[in-house]
Amino acid sequence: MVASTVRSRAERWSLAGATALVTGGSKGIGHAIVEELAGFGARVHTCARNAAELEEARRRWAEKGLVVTVSVCDVAIRADREKLMATVSELFGNKLDVLVNNAGQSLFKPAAECTDEDFSRVMATNLESCFHLCQLAHPLLQAGGNGGSIVHISSIAGFIGLPALAVYSMTKGAMNQLTRSLAAEWARDGIRVNCVAPGGVKTDISSDKTIDPELVKKEMARLPMGRIAEPEEVASMVAFLCMPAASYMTGQVICIDGGRTIT
Ligand SMILES: NC(=O)c1ccc[n+]([C@@H]2O[C@H](COP(=O)([O-])OP(=O)(O)OC[C@H]3O[C@@H](n4cnc5c(N)ncnc54)[C@H](OP(=O)(O)O)[C@@H]3O)[C@@H](O)[C@H]2O)c1
Numbered sequence: 001m002v003a004s005t006v007r008s009r010a011e012r013w014s015l016a017g018a019t020a021l022v023t024g025g026s027k028g029i030g031h032a033i034v035e036e037l038a039g040f041g042a043r044v045h046t047c048a049r050n051a052a053e054l055e056e057a058r059r060r061w062a063e064k065g066l067v068v069t070v071s072v073c074d075v076a077i078r079a080d081r082e083k084l085m086a087t088v089s090e091l092f093g094n095k096l097d098v099l100v101n102n103a104g105q106s107l108f109k110p111a112a113e114c115t116d117e118d119f120s121r122v123m124a125t126n127l128e129s130c131f132h133l134c135q136l137a138h139p140l141l142q143a144g145g146n147g148g149s150i151v152h153i154s155s156i157a158g159f160i161g162l163p164a165l166a167v168y169s170m171t172k173g174a175m176n177q178l179t180r181s182l183a184a185e186w187a188r189d190g191i192r193v194n195c196v197a198p199g200g201v202k203t204d205i206s207s208d209k210t211i212d213p214e215l216v217k218k219e220m221a222r223l224p225m226g227r228i229a230e231p232e233e234v235a236s237m238v239a240f241l242c243m244p245a246a247s248y249m250t251g252q253v254i255c256i257d258g259g260r261t262i263t
């Protein structure tokens with residue numbers, strides 16, 4: 001892995017020439033991450049399940065002159081993940097510089113009421129996909145030659161106890177630990193692994209009608225900054241973690257939460 005000090009400042013704060021896979025980029029945080037990485041010069045591939053929304057996003061990016069390709073994939077399905085990585089491998093010449101495991105789903109439901117199906121779906125979408133995509137990306141990230149970077153999008157729910165979020169929070173806590181485990185194991189392969197744990201962010205997930213309004217009220221009351229984040233405020237940290245500027249940073253879980261976890 002190249003030390004950032006051997007590069008110029010302009011090279012350290014750039015993703016020019018890099019290639020990236022961002023899962024779940026058709027909306028929300030993933031959409032902002034795609035734009036941020038592409039804006040810093042990366043060629044980005046993204047995926048989601050809804051083909052129409054994905055195509056609409058691709059069209060908007062093309063209008064802005066951003067280099068983004070898309071394909072439909074349900075990250076909860078093993079065969080879809082294999083197909084996704086085969087597509088990426090073909091697009092980027094059997095190499096990859098950046099993997100962002102962003103696609104995820106929430107589940108606001110009391111633990112005692114969660115079904116087997118709820119449990120399996122959230123585990124497969126948020127956690128199993130994350131682990132398996134890292135496995136699939138490993139040879140491509142090694143082949144990149146410039147030092148690969150993986151960023152997981154977990155949540156502050158992986159640190160603190162929130163009611164009606166047990167299964168979701170388990171997946172996010174495990175992603176935090178996976179970050180440290182893979183960082184230790186893959187550092188010698190030239191791959192850095194970090195994680196961004198957002199608090200509330202303005203997306204479809206945070207406006208889910210199944211969230212208890214009382215919980216939202218209580219959460220807002222103990223949020224030092226008194227507002228939830230814009231997706232771009234998460235994307236900027238992801239971009240930094242992928243840049244040569246972060247070349248000595250690995251195994252870290254960074255909260256972007258307006259101070260929620262310090263109260
Ligand atoms: N918003 C928050 O307050 C918040 C807070 C902490 C952490 N997070 C985390 O941030 C990440 C992004 O969340 P968001 O708020 O941006 O959600 P969002 O607005 O609902 O967007 C989720 C994106 O992921 C895709 N996706 C969902 N399930 C998928 C699947 N099985 N396969 C492929 N793509 C899938 C969606 O497209 P399709 O539906 O078309 O598949 C969409 O592009 C998640 O991991 C979430 O847990 C969010």
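Residue numbers (our numbering): 1 to 263.
Ideal Cβ positions, reconstructed from N, Cα and C, are used throughout, including at glycine.
Three-state secondary structure assigned by DSSP to Val167:
helix
Here's a check: name, in chain order, each residue in its chain whose Cβ is nearer than 7 Å to the Cβ of Ala187, leaving out the five neighbours to either side.
Thr250
Taking just the CA atoms, how far does Ile256 sit from Met175?
16 Å
Once you ignore the five residues that flank Leu84 on each side, which residues in its own chain have a CB closer than 7 Å to its CB?
Cys47, Ser71 and Cys73
According to DSSP, Cys195 sits in a beta bridge with which residue or residues?
His152 and Val253
As a quick exercise: from Arg121, Leu37 and Val193, pick the residue whose alpha carbon is nearest that of Ala16.
Leu37
Beta-ladder partner(s) of Val44, from DSSP:
Ala20 and Val68
If you compare alpha carbons, which of Ile254, Ser129 and Arg180 is closest to Ile77?
Ser129
Counting Cβ pairs, one atom from each stretch, are 3 or more of them under 8 Å apart for the segment 96–110 and the segment 130–148?
yes
Excluding sequence positions up to five away, which residues of its chain have a Cβ less than 6 Å from the Cβ of Ser154?
Lys172, Met175, Asn176, Cys195 and Ala197
Can you grab the Cα-Cα spacing for the pair Thr210 / Leu140, in whole Å?
40 Å
Among the residues of its own chain, which have a CB less than 7 Å from the CB of Val122, if the five just before and after it don't count?
Gln105, Leu107, Val167, Tyr168 and Thr171
Can you give the beta carbon distance from Leu182 to Cys134, rounded, assuming they're within the 8 Å contact cut?
6 Å
In this structure, does DSSP put Leu127 in helix, strand or coil?
helix
Residues in the same chain with beta-carbon distance under 6 Å from Met225, minus the five sequence neighbours each way, listed in chain order, please.
Gly258 and Gly259
Beta-carbon separation of Val201 and Val238 under 8 Å?
no
Distance check for Val193 and His152, CA to CA, integer angstroms please.
8 Å
On the criterion of 16 or more Cβ atoms from any shown chain inside 10 Å, does Ile191 qualify as buried, or is it exposed?
buried
Less than 7 Å between the CB of Lys83 and some heavy atom of ligand 1, yes or no?
no
If the criterion is Cβ atoms closer than 8 Å, does the pair Gly28 and Ile205 meet it?
yes
Less than 6 Å between C-beta atoms, sequence neighbours within five positions excluded: which residues of the same chain meet that for Ala124?
Ala76
CA-CA distance, Phe159 and Leu54?
32 Å
Rounded to whole angstroms, what's the CA-CA distance from Ala164 to Lys109? Just pull it up for me.
5 Å
Reduced DSSP secondary structure (H/G/I, E/B, other) of Ala229:
strand
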